[in-house]
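This report refers to the structure that appears directly beneath it.
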Amino acid sequence: MYKLFLRSLISVLFLLGFSLNVNAEFKVGFVYVGPTGDHGWTYQHHEGRNAVEALGIKTTYVESVPEGADAERVIRQLAQSGHDLIFTTSFGYMDPTNKVAKDFPNVKFEHATGYKREHSNVSTYSARFYEGRTLLGHMAGKMTKTNTIGYIASFPIPEVIRGINAMTLAAQKVNPDIKTKIVWVFTWYDPGKESEAAQALIDQGADIIMQHTDSTAPVQVAE
1155 MYKLFLRSLI SVLFLLGFSL NVNAEFKVGF VYVGPTGDHG WTYQHHEGRN
1205 AVEALGIKTT YVESVPEGAD AERVIRQLAQ SGHDLIFTTS FGYMDPTNKV
1255 AKDFPNVKFE HATGYKREHS NVSTYSARFY EGRTLLGHMA GKMTKTNTIG
1305 YIASFPIPEV IRGINAMTLA AQKVNPDIKT KIVWVFTWYD PGKESEAAQA
1355 LIDQGADIIM QHTDSTAPVQ VAE
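Last residue of the sequence shown: number 1377 in the working numbering, and the count goes up by one each step with no gaps.
So this is what it looks like as structure tokens:
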């Protein structure tokens, strides 16, 4: 999905004449909250970056950037080093993105899953992830033997809460006895915490585990 999205976005920017000097080299930067090998959110963004680079566009990426002061520093460095477009790929990058964008009006910023667009050079992007979680909830409601679904949640932000609600409502529609137990880990990627959360949910009777985090650790525990 991200391959298609990023390639389409770059193409649109060119078609719209994105204040680009045809003699200049177009550069795109990516800021990742996790490692490129997480097999989840960051991995998919990185696949998109590879697809963009295959089109002949120069790209740069910085992985495992914590949300907060480090994010602002990295975003600012990319803006200062001549990048024309910067993807900030985590919800917690929202304020740092807008702060840096104010100082670099000629740089375009694309922020993932946020809702603040304080400057004309800031856009946001997301997807209807809750639709997929609705289908998972429907299946989980029919499959569970204990009527207990465990959910490993990252942060209490809109996209995560939407996902929990979508899954739970769909499960309860086919099985009114469903209960959802949630463990908040307050991280996007921490295999240790995610493993502990999965085990805690299993110990509480959950026979189906879902997650809104990025590592494969919960899957390994469930096996």
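Glycine is no exception: its CB is placed at the ideal position from the N, C-alpha and C atoms.
Item: Short check: CB of alanine 1225 to CB of threonine 1243, under 8 Å?; Value: no
Item: Pair every Cβ in the segment 1228–1242 with every Cβ in the segment 1183–1197, then say whether three or more of these pairs are closer than 8 Å.; Value: yes
Item: Considering only C-alpha positions, which residue in the set Asn1301, Gln1234, Glu1179 and Ile1229 is nearest to lysine 1335?; Value: Asn1301
Item: Where does alanine 1266 sit, in a helix, a strand or coil, going by DSSP?; Value: strand
Item: Determine the extent of the alpha helix (DSSP H) in which threonine 1196 is found, giving its start and end residues.; Value: 1195–1207
Item: Helix, strand or coil, according to DSSP, for glutamine 1358 in the structure here?; Value: coil
Item: Tell me whether the beta-carbon of arginine 1271 lies closer than 8 Å to the beta-carbon of serine 1277.; Value: yes
Item: Rounded to whole angstroms, how far is the Cβ of alanine 1371 from the Cβ of glutamate 1348, which I believe are closer than 8 Å?; Value: 4 Å
Item: Suppose the cutoff is 8 Å on Cβ atoms and the five residues either side in sequence are ignored; what does the same chain contact list for threonine 1213 look like?; Value: Lys1181, Val1182, Gly1183, Phe1184, Arg1203, Val1206 and Glu1207
Item: Which term fits isoleucine 1306, buried or exposed, when burial requires 16 or more other beta carbons within 10 angstroms of its beta carbon?; Value: buried
Item: Proline 1310: buried (16+ other C-beta within 10 angstroms of its C-beta) or exposed?; Value: exposed
Item: Identify whether proline 1372 lies in helix, strand or coil by the three-state DSSP scheme.; Value: helix
Item: May I ask you to list the residues that DSSP assigns as paired with glutamine 1365?; Value: Ile1306
Item: Can you tell me the Cβ-Cβ gap for alanine 1324 and valine 1337, rounded? I've got them flagged as a contact below 8 Å.; Value: Their Cβ separation, rounded to whole angstroms, is 20 Å, which puts alanine 1324 and valine 1337 out of contact at 8 Å.
Item: Is glutamate 1377 helix, strand or coil by DSSP?; Value: coil
Item: What does a CB cutoff of less than 6 Å around glycine 1291 pick up in its chain, not counting 5 residues either side in sequence?; Value: Met1321, Ala1324 and Ala1325
Item: Check the DSSP bridge columns for leucine 1239 and list the partner residues they point to.; Value: Val1182 and Lys1262
Item: Between which residues of its own chain and glycine 1236 is the CB-CB distance below 7 Å, once the five residues before and five after are set aside?; Value: Lys1181
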